[in-house]
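Report on the following structure.
In the UniProt record's numbering, the protein residues as written are 1 to 181.
What follows is the structure in structure tokens.
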């Protein structure tokens, strides 16, 4: 990447045992330091534009959203090139995306590449559809006893790659307590 970028993501460490080997082989973001996650907004602002005012807005925005539980039980495809696990429910992720995007309209999800907001945890990204079919079959064989994955969203991680590798720069908590769910 030629210039530094940032992203807002919900990390999903509970998915790592299942998806890590696939992501290491088939998802370039894994090699760049991004763990299993569901994207809230990428690309977000350039890291040099993220100041105390931006962090203050993000903290307030996310504090208004209660933590929530979700599951990852089925694979789907985005276009013909991404195999992903679909979160259920997906709506809380969409709402987080819209809340930030409404405040920062110059940061549309994926740079405006896709018209719909599709919350997802990427398993593989491949340009060759036949190869993705093969990976989908391999993943289906590896996953039956490991799905569904049950997880909780309690915070949003602000990550950037200004050091040349993606790193968490701030953890922004969702409001409330997960025990209240």
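Heads up, the beta-carbon is just placed ideally off N, CA and C, and yes, glycines get one too.
| query | Under the three-state reduction of DSSP, which class applies to residue 173: helix, strand or coil? | reply | As a position in the chain shown, residue 173 is number 173, starting the count at 1. Here residue 173 sits in strand by DSSP.
| request: Note the first and the last residue of the continuous alpha helix (DSSP H) segment covering residue 74. | output: Working through the chain shown from its first residue, we reach residue 74 at position 74. Careful: residue 74 lies outside any alpha helix (DSSP H), inside the beta strand (DSSP E) at 68-78.
| message | Given this structure, state the Cα-to-Cα distance separating residue 111 from residue 167, to the nearest angstrom. | response | Indexing the chain shown from 1 puts residue 111 at position 111. Indexing the chain shown from 1 puts residue 167 at position 167. The straight-line gap from Cα to Cα measures roughly 21 Å.
| message | To the nearest angstrom, how far is the alpha carbon of residue 187 from that of residue 38? | response | Because residue 187 is not part of the residues shown, which for the chain are 1 to 181, the question remains open.
| residue 149 - partner residues in DSSP beta bridges | If you number the chain shown from 1, residue 149 lands on position 149. Note: residue 149 sits in a beta bridge opposite 72.
| query | So, do the segment 133-146 and the segment 93-100 have three or more beta carbon pairs nearer to each other than 8 Å? | reply | The segment 133-146 and the segment 93-100 do not touch, with fewer than 3 CB-CB distances between them shorter than 8 Å.
| query | If we ignore side chains and look at the alpha-carbon of each, how far apart do residue 171 and residue 10 end up? | reply | Position 171 of the chain shown, counted from the start, is the residue given in the question as residue 171. Position 10 of the chain shown, counted from the start, is the residue given in the question as residue 10. Approximately 10 Å between the Cα atoms of the pair.
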